[in-house]
Amino acid sequence: MQIKNKPLYSINYEKELNTPQLEAVTSTEGPLLIIAGAGSGKTRTLTYRVAYLVEKGVPAHAILLLTFTRKASQEMIQRASRLLDNRCANVPGGTFHSFANSVLQKYADRIGFKKGFSILDHTDSGSLISILRKEKGVSSKNRSFPRKQTLLNIFSRAVNKSLTIEDVVIDNYPHFAIELDAIEDLFNAYKRHKVKHNFLDYDDLLTYLHMLLTNDAEIRKIVSSNYFYLMVDEYQDTNKIQAEIVYLLAGEHTNIMVVGDDSQSIYAFRGASFKNIMTFPKIFPDAKIIKLEENYRSVQPILNLTNSIIDNAECKYTKRLFTKKTGGMKPVLACTKNEYAQSRFVVEKIKEIHGETTSLKEIAVLFRAGFHSFGLEIELAKEGIPFIKVGGFKFLESAHIKDVLAHLRVLHNPDDRISWYRIFLLLDKVGPKTAQKLYNDLSKKNTGYSGLFTLKVKPAISQSMSRLKKLFEYIDPTICSLSQIGDAIIDYYTPILESNYDDHPKRSKDLEHLVTIMERYDNIESFLADMALEPPNTSMDDSFSINYSGDDRLVLSTVHSAKGLEWKTVFVIWALDGRFPSLHAIKNSEELEEERRLMYVAATRAKERLFFTYPNDVYDKISKMMLYSPSCFIDMVPGSNIEKQYID
DNA sequence: CCAGTATCCCTTTTT
DNA sequence: GGGATACTGG
Numbered sequence: 003m004q005i006k007n008k009p010l011y012s013i014n015y016e017k018e019l020n021t022p023q024l025e026a027v028t029s030t031e032g033p034l035l036i037i038a039g040a041g042s043g044k045t046r047t048l049t050y051r052v053a054y055l056v057e058k059g060v061p062a063h064a065i066l067l068l069t070f071t072r073k074a075s076q077e078m079i080q081r082a083s084r085l086l087d088n089r090c091a092n093v094p095g096g097t098f099h100s101f102a103n104s105v106l107q108k109y110a111d112r113i114g115f116k117k118g119f120s121i122l123d124h125t126d127s128g129s130l131i132s133i134l135r136k137e138k139g140v141s142s143k144n145r146s147f148p149r150k151q152t153l154l155n156i157f158s159r160a161v162n163k164s165l166t167i168e169d170v171v172i173d174n175y176p177h178f179a180i181e182l183d184a185i186e187d188l189f190n191a192y193k194r195h196k197v198k199h200n201f202l203d204y205d206d207l208l209t210y211l212h213m214l215l216t217n218d219a220e221i222r223k224i225v226s227s228n229y230f231y232l233m234v235d236e237y238q239d240t241n242k243i244q245a246e247i248v249y250l251l252a253g254e255h256t257n258i259m260v261v262g263d264d265s266q267s268i269y270a271f272r273g274a275s276f277k278n279i280m281t282f283p284k285i286f287p288d289a290k291i292i293k294l295e296e297n298y299r300s301v302q303p304i305l306n307l308t309n310s311i312i313d314n315a316e317c318k319y320t321k322r323l324f325t326k327k328t329g330g331m332k333p334v335l336a337c338t339k340n341e342y343a344q345s346r347f348v349v350e351k352i353k354e355i356h357g358e359t360t361s362l363k364e365i366a367v368l369f370r371a372g373f374h375s376f377g378l379e380i381e382l383a384k385e386g387i388p389f390i391k392v393g394g395f396k397f398l399e400s401a402h403i404k405d406v407l408a409h410l411r412v413l414h415n416p417d418d419r420i421s422w423y424r425i426f427l428l429l430d431k432v433g434p435k436t437a438q439k440l441y442n443d444l445s446k447k448n449t450g451y452s453g454l455f456t457l458k459v460k461p462a463i464s465q466s467m468s469r470l471k472k473l474f475e476y477i478d479p480t481i482c483s484l485s486q487i488g489d490a491i492i493d494y495y496t497p498i499l500e501s502n503y504d505d506h507p508k509r510s511k512d513l514e515h516l517v518t519i520m521e522r523y524d525n526i527e528s529f530l531a532d533m534a535l536e537p538p539n540t541s542m543d544d545s546f547s548i549n550y551s552g553d554d555r556l557v558l559s560t561v562h563s564a565k566g567l568e569w570k571t572v573f574v575i576w577a578l579d580g581r582f583p584s585l586h587a588i589k590n591s592e593e594l595e596e597e598r599r600l601m602y603v604a605a606t607r608a609k610e611r612l613f614f615t616y617p618n619d620v621y622d623k624i625s626k627m628m629l630y631s632p633s634c635f636i637d638m639v640p641g642s643n644i645e646k647q648y649i650d
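For the first sequence, this note's numbering gives the first residue as 3, with consecutive numbering after it.
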């Protein structure tokens, strides 16, 4: 390699990277596909590549690093800065959604929106759909009509997979085929209303960016020439629209690097397809392909097991991992008498391992679905073991947080019908009808949120309305700081909170926490965008996260949220046929394969010790079946690769 | 037309 | 067991 002769590089890339990694880092021009197995130093490679480009003289702002979460990109950029110097900190990075948001906010008028549009999360989208459904009078007496969440799934699936509503209904929801016309009608109304009220949902961020780049050659040129080097992480979890956005951005210069692992693709439900990886060399025929197959994470016995999980896959994946790490213990499959015994087993093992000087944050418990950890959480609380839960229900989705945010959102986007509706519904004696009427009156005035001050209301609600008016007179964003506004809203909201919820003390703490988040922002716009696009993804209902000040906590996480992370010891609970894989997936081979990849992702998180547990006396109410077999993915593993235990 | 109570349904994963 | 809807009284 020529680097040797170039003293202008301060980092010794040759020494710190293995051969394929080095090649990935130094191949800067032209299209590049990296197939990176679990634990093969993918993050390291991306980090060094950022440093290498900057060191080579590429201005930081000309590099774009698209990742799956903002946390991932921040971490890589920080590491690169430590490796080289602060120039790396200016590399723009984030998710596709946040990137789309920043471009679209700039060119909102070109896609028929006003600046300052709001971003709908799925709760918001659901509210809008249910408002529209009521308006349309789609009879709710009709039992066969899909619920709002289902409707949203149908819409989102269609958009993400570039299908029509009809395709999705026929293929995935054949029992709703009779209602096809009404569903399509609702979909169109939903689309129109988003434009009218200046809303973009998650899918819109991608579709409108795609549309803008496709139809507007001028903008495409501006945007794509801003970023001369593109890097995309977790490429196996991008969907068709995201892949096309990548092509459009890279079209001019083709300096595009994508990194992924086809055997870790776990977002098909969102339209992602590992086939994007296979397609990449077809779109860019001169693409260089590099495989990273040496695993630096796990000991050999763990790798033996994970390799057997993926060997049983229907489709053969592109690589096989090896490691130089020897020793280590064989993974354990523990069958427990019932759910309680499973929780006890995990708690006892954790205490044992923790005693041997492993810190708690080096241990994780992983599961298929958020609610699977409920039983364990109770036991952990009893034992006083601090933990943090990632994934599942989120802090921002809870009603009280959405209530407070609604007041902020209308300051920024006065057309935000969903938030006004929510605000009015909170007033005493105001129900759906009145809330709707109040919103209509307000929007007719067309004077932004100040229209509220001159709103006429019935005597029954005049008192609560005047409190609301007073609040909005005070919280002028041109005068108050964001956290002052937050405090004022919470003062206003507290009596409402106390009358609506029995558990208000707990919820009150969440609101305090929200204000501390606000203190980090200096404007409403970026605060709201982050809350929608990068919400804190830990759930707040565990009191430990507030009371416990240290950071040595056990991690509980869904497998999806554990992507890309690693721990010394990993427990995979509910490794039970019917839970993981879920019953839902067993009948469909594509979905079953995705569950297998999910199990693979879970198992490959472990560095030294790996435990699977399952209770064997579970009655499933939906299917009216007893569940007692271990997950088929673990059951298929040859006996020599796993140690089976029975815990009474 | 609001708000409280009864009843039925389905129950994944996330930006 | 929880959320969404249906029904009923005020």
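All residues carry an ideal CB built from backbone N, CA and C; glycine is no exception.
Exercise for the section: Would you kindly report the start and end of the unbroken alpha helix (DSSP H) that includes residue 608? Expected result: That residue, residue 608, is in no alpha helix (DSSP H); its beta strand (DSSP E) goes 608-617.
Handout entry: Simplified DSSP state of residue 274, which is helix, strand or coil
Key = In this structure, residue 274 counts as strand in the three-state DSSP scheme.
Practice task
Check whether the Cβ atoms of residue 218 and residue 122 lie closer than 8 angstroms to each other.
Solution key: The beta carbons of residue 218 and residue 122 sit no closer together than 8 angstroms.
Practice task
State buried or exposed for residue 224, treating a residue as buried only when at least 16 other CB atoms are found within 10 Å of its CB.
Solution key: With fewer than 16 Cβ atoms within 10 Å of its Cβ, residue 224 is classed as exposed.
Problem - Beta carbon of residue 323 nearer than 8 angstroms to that of residue 309 - result: For residue 323 and residue 309, yes; Cβs fall inside 8 angstroms.
Problem - 8 angstroms Cβ cutoff met for residue 201 and residue 615 - result: Not a contact, by the Cβ cut-off of 8 angstroms.
Exercise for the section: Put residue 90 into one of helix, strand or coil per three-state DSSP. Expected result: In the structure shown, the three-state DSSP call for residue 90 is helix.
Exercise for the section: From the DSSP output, in three-state form, read off residue 386 for me. Expected result: Coil at residue 386, not helix or strand.
Handout entry: Contact under 8 angstroms by Cβ, residue 457 with residue 443
Key = The answer is yes: Cβ separation under 8 angstroms.
Handout entry: CB of residue 244 within 8 angstroms of CB of residue 208, strictly
Key = For residue 244 and residue 208, yes; Cβs fall inside 8 angstroms.
Exercise for the section: With distances taken Cα to Cα, identify the nearest neighbour of residue 451 among 460, 441 and 277. Expected result: It is 441.
Practice task
Measure the beta-carbon distance from residue 611 to residue 570 and round it to whole angstroms, keeping in mind my assumption that it falls under 8 angstroms.
Solution key: Indeed they touch by this definition, with Cβ atoms about 7 angstroms apart.
Handout entry: Euclidean distance between Cα positions of residue 17 and residue 307
Key = If you take the alpha carbons of residue 17 and residue 307, they lie about 31 angstroms apart.
Handout entry: C-alpha distance - residue 79 paired with residue 95, whole-angstrom precision
Key = Looking at the backbone, the Cα of residue 79 and that of residue 95 are separated by about 8 angstroms.
Exercise for the section: Could you tell me which residues DSSP pairs with residue 491 in its beta bridges? Expected result: DSSP output for residue 491 lists no bridge partner at all.
Problem - the stretch 385-399 in contact with the stretch 412-423 per 3-pair CB rule at 8 angstroms - result: Contact between the stretch 385-399 and the stretch 412-423 is absent, because fewer than three Cβ pairs lie under 8 angstroms.
Problem - Sub-8 angstroms separation of residue 577 and residue 632 beta-carbons - result: Against a cut-off of 8 angstroms, the Cβ pair of residue 632 and residue 577 comes out as a contact.
Problem - Segment limits, alpha helix (DSSP H) that includes residue 308 - result: Residues 302-313.
Practice task
Sort 271, 220, 232 and 538 by Cα distance to residue 241 and report the nearest one.
Solution key: Minimum Cα distance to residue 241 is reached at 271.
Practice task
Could you check what DSSP says for residue 368 in three-state terms: helix, strand or coil?
Solution key: It is a strand residue.
Exercise for the section: Identify whether residue 14 lies in helix, strand or coil by the three-state DSSP scheme. Expected result: The DSSP-derived three-state label of residue 14 is coil.
Exercise for the section: List the residues that DSSP assigns as beta-bridge partners of residue 36. Expected result: According to DSSP, residue pairing for residue 36 in a beta bridge involves 261 and 292.
Practice task
Find out if the Cβ-Cβ distance for the pair residue 27, residue 47 is shorter than 8 angstroms.
Solution key: Closer than 8 angstroms, so yes.
Problem - Other residues of its chain near residue 130: CB distance less than 6 angstroms, five sequence neighbours each side excluded - result: Take residue 130, set aside five residues on each side of it, and the residues of its chain with a beta-carbon closer than 6 angstroms to its own are 420, in chain order.
Handout entry: Inter-residue CB distance, residue 575 and residue 369 (contact presumed, cutoff 8 angstroms)
Key = Correct: roughly 5 angstroms between the Cβ atoms.
Practice task
Would you identify the three-state DSSP class for residue 65, choosing helix, strand or coil?
Solution key: For residue 65, the three-state secondary structure derived from DSSP is strand.
Handout entry: Assumed close pair residue 117, residue 132 - CB separation to whole angstroms, cut-off 8 angstroms
Key = Contact flag wrong, Cβ pair sits at about 28 angstroms.
Exercise for the section: Rank 521, 335 and 341 by C-alpha distance to the C-alpha of residue 622 and give the top, closest one. Expected result: Looking from the CA of residue 622, the closest CA among 521, 335 and 341 belongs to 341.
Problem - Closest by C-alpha distance to residue 619, when choosing among 604, 344 and 608 - result: Minimum Cα distance to residue 619 is reached at 344.
Exercise for the section: Would you kindly work out how many angstroms separate the C-alpha atoms of residue 418 and residue 137, rounded to a whole number? Expected result: Cα-Cα distance, rounded: 17 angstroms.
Problem - residue 154 beta carbon less than 8 angstroms from that of residue 120 - result: No; because the gap between Cβ atoms is not below 8 angstroms, this pair is not in contact.
Problem - For residue 581, the residue or residues it bridges with in DSSP - result: Per DSSP, 584.
Exercise for the section: Put residue 331 into one of helix, strand or coil per three-state DSSP. Expected result: Coil at residue 331, not helix or strand.
Problem - residue 494 beta carbon less than 8 angstroms from that of residue 473 - result: With contacts defined by Cβ atoms closer than 8 angstroms, residue 473 and residue 494 form a contacting pair.
Handout entry: As assigned by DSSP and simplified to three states, the class of residue 433
Key = Coil at residue 433, not helix or strand.
Exercise for the section: Indicate whether the contact test is met: 3 or more Cβ pairs, each with one atom in the stretch 529-536 and one in the stretch 91-106, closer than 8 angstroms. Expected result: Per the Cβ contact rule, the stretch 529-536 is in contact with the stretch 91-106 (3 or more Cβ pairs under 8 angstroms).
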